[in-house]
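Working notes for the structure below.
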């Protein structure tokens with residue numbers, strides 16, 4: 016297949032977490048190999064060469080090594096995962112609104128381009144705050160519209176709402192990725208679809224949690240409950 020979906024790439028395993036499985040079940044067996052890092056809403060990309068590598072502050076990872084699980088943590092920001100068409104190299108990026116404006120996706124593409132043609136790679140966008148719920152102030156919407164070369168209606172299809180997924184898709188397509196999958200659901204409002212689940216919402220959401228804590232200060236925060244998204248090259 017010329018431009019495969021991630022599920023067609025036999026050499027990798029990938030997954031997007033949710034509240035009842037913060038670490039996707041397909042990735043859980045490889046957890047010990049996961050690099051250590053601190054996400055700071057930045058654009059730094061780190062090459063990972065060894066399992067459990069200490070990466071410091073960064074928001075994107077890249078490797079050609081099998082048996083190293085690359086993940087990012089999110090609770091409304093975009094998780095974006097990348098793979099070469101044959102699964103010989105992978106990457107992940109944490110892309111909230113700051114990362115999208117500052118160029119974290121462009122930095123991942125630049126790192127890939129050091130070794131390969133971006134046209135040989137595919138990407139997928141996971142669960143994140145949807146345009147249905149992601150309301151921001153007008154100043155931020157105007158900043159996106161001034162700094163990014165896209166139709167204003169793509170950036171903000173509703174008044175004071177940002178469409179982070181469409182922005183990321185436009186960026187990734189413009190950077191030349193062979194295929195860009197939208198596997199996103201809104202982390203703020205998507206209901207849990209498993210009858211046995213105790214939680215009404217499927218995803219951890221920083222914004223939903225913050226709104227509830229405004230009304231109920233005793234309600235716990237989300238620390239330790241962000242969901243993992245990622246992938247690994249199989250041995």
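In the working numbering, the protein residues as written are 16 to 250.
The beta carbon of each residue, even a glycine, is placed where N, CA and C say it ideally should be.
A quick note: this is a predicted structure, and the numbers were derived from the prediction, not measured.
Taking a 10 Å sphere around the C-beta of residue 200, we find 16 or more other C-beta atoms and assign the residue as buried.
Taking 9 Å as the cut-off, the beta carbon of residue 25 is found closer than this to the beta carbon of residue 102.
In the DSSP assignment, residue 168 falls within the alpha helix (DSSP H) that extends over 167-170. With the rule of 3 Cβ pairs closer than 8 Å, the stretch 136-150 does not count as touching the stretch 43-61. When DSSP states are grouped into helix, strand and coil, residue 95 belongs to the strand group. Around the beta carbon of residue 235, a 10 Å sphere encloses fewer than 16 other beta carbons of the protein chains shown; the residue is thus reported as exposed.
Residues of the same chain with a CB within less than 6 Å of the CB of residue 72, apart from the 5 flanking positions on each side, are 53 and 55 in chain order. Within the same chain, and ignoring the five residues on either side of residue 30 in sequence, the residues whose Cβ sits closer than 6 Å to its Cβ are 39, 41 and 42. Counting of Cβ neighbours within 10 angstroms places residue 74 among the buried residues, the total reaching 16 or more. In the DSSP secondary-structure assignment, residue 32 is not bridged to any residue. CA-to-CA, the gap between residue 160 and residue 77 works out to about 30 Å. Beyond the five residues adjoining it in sequence on each side, residue 21 comes within less than 8 Å, by CB distance, of 27, 29, 96, 98, 137, 139, 196 and 246 in the same chain, given in chain order.
Distance from the CA of residue 85 to the CA of residue 119, rounded to the nearest whole angstrom, comes to 16 Å. Going by DSSP, residue 87 is part of the beta strand (DSSP E) stretching over 85-89.
When secondary structure is reduced to three states using DSSP, residue 188 falls in the helix class. The beta carbon of residue 189 sits closer than 6 Å to no other beta carbon from its chain once the five residues preceding and following it are set aside. With a cut-off of 8 Å on Cβ pairs, the stretch 121-131 is not in contact with the stretch 168-185, counting fewer than three such pairs. Close CB contacts of residue 148 within its chain, under the 7 Å cut and outside five residues either way in sequence, are with 201, 203 and 204 (chain order). Of the candidates 153, 121, 229 and 181, the residue whose Cα lies closest to the Cα of residue 166 is 181. For residue 193 and residue 18, the gap between their C-alpha atoms comes out near 6 Å. Listed in chain order, the non-local C-beta contacts of residue 230 below 8 Å within the same chain number zero, local neighbours out to five positions each way being set aside.
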